[in-house]
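Asker: Here you go, one structure.
There are 2 protein chains.
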Amino acid sequence: MLAQNTGPLLVIGGAEDKKGEQVILKEFIRLAGGDAARIVIMTVATEHPYEVGEDYTQIFRKLMGDSGEDQVQCVHIESREEAQHEKSLAAIESASGVFFTGGDQFRITSLLGGTRVDALLHARHEDGLVLAGTSAGASMMSTTMIIEGSAHDTARVGMVRLGAGLEFLPGVLIDQHFAQRGRINRLLSAIAEYPHHLGIGIDENTALVVHGHEFEVIGTGSVTVIDAADVTDTNVHLLDQHEHLAICNVKLHILTPGYGFNLRDRIPRKTN
Amino acid sequence: MLAQNTGPLLVIGGAEDKKGEQVILKEFIRLAGGDAARIVIMTVATEHPYEVGEDYTQIFRKLMGDSGEDQVQCVHIESREEAQHEKSLAAIESASGVFFTGGDQFRITSLLGGTRVDALLHARHEDGLVLAGTSAGASMMSTTMIIEGSAHDTARVGMVRLGAGLEFLPGVLIDQHFAQRGRINRLLSAIAEYPHHLGIGIDENTALVVHGHEFEVIGTGSVTVIDAADVTDTNVHLLDQHEHLAICNVKLHILTPGYGFNLRDRIPRKTN
Numbered sequence: 002m003l004a005q006n007t008g009p010l011l012v013i014g015g016a017e018d019k020k021g022e023q024v025i026l027k028e029f030i031r032l033a034g035g036d037a038a039r040i041v042i043m044t045v046a047t048e049h050p051y052e053v054g055e056d057y058t059q060i061f062r063k064l065m066g067d068s069g070e071d072q073v074q075c076v077h078i079e080s081r082e083e084a085q086h087e088k089s090l091a092a093i094e095s096a097s098g099v100f101f102t103g104g105d106q107f108r109i110t111s112l113l114g115g116t117r118v119d120a121l122l123h124a125r126h127e128d129g130l131v132l133a134g135t136s137a138g139a140s141m142m143s144t145t146m147i148i149e150g151s152a153h154d155t156a157r158v159g160m161v162r163l164g165a166g167l168e169f170l171p172g173v174l175i176d177q178h179f180a181q182r183g184r185i186n187r188l189l190s191a192i193a194e195y196p197h198h199l200g201i202g203i204d205e206n207t208a209l210v211v212h213g214h215e216f217e218v219i220g221t222g223s224v225t226v227i228d229a230a231d232v233t234d235t236n237v238h239l240l241d242q243h244e245h246l247a248i249c250n251v252k253l254h255i256l257t258p259g260y261g262f263n264l265r266d267r268i269p270r271k272t273n
Numbered sequence: 002m003l004a005q006n007t008g009p010l011l012v013i014g015g016a017e018d019k020k021g022e023q024v025i026l027k028e029f030i031r032l033a034g035g036d037a038a039r040i041v042i043m044t045v046a047t048e049h050p051y052e053v054g055e056d057y058t059q060i061f062r063k064l065m066g067d068s069g070e071d072q073v074q075c076v077h078i079e080s081r082e083e084a085q086h087e088k089s090l091a092a093i094e095s096a097s098g099v100f101f102t103g104g105d106q107f108r109i110t111s112l113l114g115g116t117r118v119d120a121l122l123h124a125r126h127e128d129g130l131v132l133a134g135t136s137a138g139a140s141m142m143s144t145t146m147i148i149e150g151s152a153h154d155t156a157r158v159g160m161v162r163l164g165a166g167l168e169f170l171p172g173v174l175i176d177q178h179f180a181q182r183g184r185i186n187r188l189l190s191a192i193a194e195y196p197h198h199l200g201i202g203i204d205e206n207t208a209l210v211v212h213g214h215e216f217e218v219i220g221t222g223s224v225t226v227i228d229a230a231d232v233t234d235t236n237v238h239l240l241d242q243h244e245h246l247a248i249c250n251v252k253l254h255i256l257t258p259g260y261g262f263n264l265r266d267r268i269p270r271k272t273n
């Protein structure tokens, strides 16, 4: 169930433009309040939190102009203990937008899952906090996330390792760097096992802007939606690990900017 | 329209097993008459016709046992003139199975298209001749074929160059080395422009065995079928070359051995 005031999500397929038009990062700042935004950068996914955090700090400060100096801060969490600290909580408590960097999505869920930071992010998001995540930060948004898996291969059973996401966007399974890394077969493999989830593959420099049950596409690539609701035959339940998957009657949408999607009704639409 | 006696087609996604089980090449020999088969190897696609022809000659002779010695021959066509020669025609006239090697599909269509060899192959195929093609030899089977195009990229308008195939299997658009080279987006791009065609992507060491309107899958990979008949929105007609494609409500099937497909009704089915 979505709370009435649930904040927007910005789910980014990685490698967003940081030097040119910066359409996606500008949208994040806009959603979070523009010049009045208070931004927290969560670097928990990366093993290089200080470099990555500093890069985004500079970018966001620049985008916010004069007002940015004091309104952008990093929260570096490198242990579960730090995910319980008052200092981390205080930063999130006062933020209008929280941005998760890339890295390893399993770091995010294993370090944050069930902590006070996790609970506070959910509470504040249900009360309007804007949440953004790129790459690993996008993957962890979903209920079930792809932890790792091979690509460029025939769809096989178990070609991805799945785990629990932090569930800011329920009912979906997100993959990123999608076209660039040829990941459609791994997403199909995951969706064959979890056909109640909607598979969403996001290209680089491309993002979903989610408001309630609707998302729109922004950026320069496309978003692939895989809907297994009408699947008839599949052999996924009969196979051993790594055997080749058959699946019939998958519905597929490729959406570019100008298109959106209703996640509840599973229907694409034009937005302009 | 399919003639009553039209021979089977074996459409191979490239890199078929030549040393192990050889499931696909054995099926070709079996379809062509087993020990009584009379095989012609067409090397027109490759720039190395003598090496490639010799390799397949040895393989087929071995598979046919004692009887193979005199029943396997190569037809090397390196010019349109040679595609009018009596010698080429005589070989095809007496064959029970013709095998097209890999190489460049555009060589096949540009050297054979409209020649006496082309006409004879069609006439004999409609009268029961078994036709097989691997890689380039698979691509040319369709009405419209992909000549070349980038892969591993977001689906874009015009990301593939299309041309006329030799049309042994009408109504489809075939791509090969499919999962291995991450070609789903280029096939989607082609099908977006030609939604009346069915897109068929064949993995390596995988083949369609086509009898009439039905095919079955054999080999070790899978076959991806893209059906755009129910597509609602698309922007393909509005875009410039290389702009990103949107397409909604594509139907997708991934079929493995044990599955088949009715090309006329566009319906997948289990075969065992």
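Chains as they are written, first to last, in the numbering used here: chain A, 2 to 273; chain B, 2 to 273.
The beta carbon of each residue, even a glycine, is placed where N, CA and C say it ideally should be.
Give me the Cβ distance between B:I175 and B:S140, rounded to the nearest whole Å; I'm assuming they're in contact under 8 Å.
Answerer: In the second sequence, counting from the first residue as 1, residue 175 of chain B sits at position 174. In the second sequence, counting from the first residue as 1, residue 140 of chain B sits at position 139. Indeed, because the Cβ distance is near 5 Å, the residues count as touching under 8 Å.
Asker: Quick one: list the residues of chain B neighbouring A:T155, beta-carbon separation under 7 Å, in chain order.
Answerer: Within the first sequence, residue 155 of chain A is the residue found at index 154, counting from 1. Ordered by position in chain B, the residues that pass the 7 Å Cβ test against A:T155 are A180, D204, G222, S223.
Asker: DSSP three-state label for B:F29, please.
Answerer: On the second sequence, residue 29 of chain B is found 28 positions in, with the first residue counted as 1. In the structure shown, B:F29 sits in a helix (DSSP, three-state: H, G or I).
Asker: On the DSSP bridge assignment, give the partners of A:P269 in chain order.
Answerer: For the purposes of this step, residue 269 of chain A is identified with residue 268 of the first sequence, where counting begins at 1. Per DSSP, A:F262.
Asker: On the criterion of 16 or more Cβ atoms from any shown chain inside 10 Å, does B:S190 qualify as buried, or is it exposed?
Answerer: Taking the second sequence and counting its residues from 1, the one referred to as residue 190 of chain B is at position 189. Buried is the call here.
Asker: At what residue ranges does the stretch 115-170 of chain B contain a whole run of the alpha helix (DSSP H), taking only runs of 4 or more?
Answerer: Whole alpha helix (DSSP H) segments, 4+ residues: 117-127, 137-140.
Asker: Is B:T233 buried or exposed, if buried means 16 or more other CB atoms sit within 10 Å of its CB?
Answerer: For the purposes of this step, residue 233 of chain B is taken as the residue at position 232 of the second sequence. The residue in question, B:T233, is exposed, as its Cβ has fewer than 16 Cβ neighbours within 10 Å.
Asker: So, is the C-beta of B:D234 closer than 9 Å to a C-beta in chain A?
Answerer: Locating residue 234 of chain B in the second sequence gives position 233, where the first residue counts as 1. Yes, because at least one Cβ of chain A sits closer than 9 Å to the Cβ of B:D234.
Asker: Drop a sphere of 10 angstroms on the beta-carbon of B:H198, count the other beta-carbons inside from all chains shown, and report buried for 16 or more, exposed for fewer.
Answerer: Numbered from its first residue, the second sequence carries residue 198 of chain B at position 197. By the neighbour-count rule (16 or more Cβ atoms within 10 Å), B:H198 is buried.
Asker: Look at A:L64 and A:R157 and say whether their C-beta atoms are less than 9 Å apart.
Answerer: Stepping through the first sequence from its first residue, residue 64 of chain A is reached at position 63. Stepping through the first sequence from its first residue, residue 157 of chain A is reached at position 156. No, they are not a contact pair.
Asker: Provide the residue(s) that pair with B:G213 in DSSP beta bridges, ordered along the chain.
Answerer: Residue mapping note: residue 213 of chain B aligns to position 212 of the second sequence, counting from 1. BP columns for B:G213 are empty, so no partner.
Asker: With three or more beta-carbon pairs closer than 8 Å as the criterion, would you say the stretch 37-50 of chain A touches the stretch 13-24 of chain A?
Answerer: No, the stretch 37-50 of chain A is not in contact with the stretch 13-24 of chain A.
Asker: Since A:I109 is in the alpha helix (DSSP H), which residue starts that stretch and which ends it?
Answerer: As a first step, residue 109 of chain A must be located in the first sequence, where it is residue number 108. Note, A:I109: alpha helix (DSSP H), 106-113.
Asker: Please tell me whether A:L10 and A:V131 are closer than 9 Å, where the distance is taken between their beta carbons.
Answerer: To locate residue 10 of chain A, count along the first sequence from 1; it is residue 9. To locate residue 131 of chain A, count along the first sequence from 1; it is residue 130. A contact, by the Cβ cut-off of 9 Å.
Asker: So who's on the other strand from A:A229, going by DSSP bridges?
Answerer: For the purposes of this step, residue 229 of chain A is taken as the residue at position 228 of the first sequence. A:A229 is not bridged to any residue.
Asker: For my contact list, A:G104 and A:A46 are in at a C-beta cut-off of 8 Å; report their separation, rounded to the angstrom.
Answerer: Along the first sequence, one-based indexing puts residue 104 of chain A at 103. Along the first sequence, one-based indexing puts residue 46 of chain A at 45. Their Cβ separation, rounded to whole angstroms, is 3 Å, which keeps A:G104 and A:A46 in contact under 8 Å.
Asker: For chain E, find out if any of its Cβ atoms is closer than 9 Å to the Cβ of A:R265; answer yes or no.
Answerer: Going by chain labels, chain E is absent from the structure shown, which instead holds the protein chains A and B.
Asker: At a CB-CB cut-off below 8 Å, which residues of chain A make contact with B:K252?
Answerer: For the purposes of this step, residue 252 of chain B is taken as the residue at position 251 of the second sequence. N250, V251, K252, L253, listed in chain order.
Asker: Does the beta-carbon distance from A:G164 to A:M146 come in below 9 Å?
Answerer: Along the first sequence, one-based indexing puts residue 164 of chain A at 163. Along the first sequence, one-based indexing puts residue 146 of chain A at 145. It is a contact, given that the beta carbons lie within the stated cut-off.
Asker: When we look at the beta-carbon of A:Q59 and count the other beta-carbons within 10 Å, is it buried (16 or more) or exposed?
Answerer: For the purposes of this step, residue 59 of chain A is identified with residue 58 of the first sequence, where counting begins at 1. Under this definition A:Q59 is an exposed residue.
Asker: Tell me the DSSP secondary structure of A:N250 in three-state form.
Answerer: Residue numbering aside, residue 250 of chain A sits at position 249 when the first sequence is read from its first letter. Looking at A:N250 - three-state DSSP - the assignment turns out to be strand.
Asker: State buried or exposed for A:H126, treating a residue as buried only when at least 16 other CB atoms are found within 10 Å of its CB.
Answerer: Position 125 of the first sequence, counted from the start, is the residue given in the question as residue 126 of chain A. That one is buried.
Asker: Less than 6 Å between C-beta atoms, sequence neighbours within five positions excluded: which residues of the same chain meet that for B:V76?
Answerer: Within the second sequence, residue 76 of chain B is the residue found at index 75, counting from 1. Around B:V76: V41, M43, S89, A92.
Asker: For a contact meaning CB atoms closer than 7 Å, what does A:Y260 contact in chain B?
Answerer: Within the first sequence, the letter at position 259 stands for residue 260 of chain A. Those are A247, listed as they occur along chain B.
Asker: For a minimum of 4 consecutive residues, which ranges assigned as the alpha helix (DSSP H) are wholly contained in the stretch 27-67 of chain B?
Answerer: The stretch 27-67 of chain B contains these whole alpha helix (DSSP H) runs: 50-65.
Asker: Is A:T221 closer than 9 Å to A:T207 when the C-beta atoms are compared?
Answerer: Locating residue 207 of chain A in the first sequence gives position 206, counting from the first residue. Locating residue 221 of chain A in the first sequence gives position 220, counting from the first residue. In this structure, A:T221 lies closer than 9 Å to A:T207 by Cβ.
Asker: With a cut-off of 8 Å on the beta carbons, I'd call B:G259 and B:T225 a contact; round off their distance for me.
Answerer: Taking the first residue of the second sequence as position 1, residue 259 of chain B is located at position 258. Taking the first residue of the second sequence as position 1, residue 225 of chain B is located at position 224. Not really, about 16 Å apart at Cβ, beyond 8 Å.
Asker: Residues in the stretch 34-50 of chain A with C-beta within 7 Å of chain B's C-beta atoms, listed in sequence order?
Answerer: Those residues of the stretch 34-50 of chain A that come within reach of chain B (Cβ to Cβ, closer than 7 Å) do not exist; the list is empty.
Asker: Can you give me the Cβ contacts of B:T155 inside the same chain, cut-off strictly under 6 Å, excluding the 5 residues immediately before and after it?
Answerer: What you label residue 155 of chain B is simply residue 154 of the second sequence in a count that begins at 1. Same-chain partners within the cutoff: H245.
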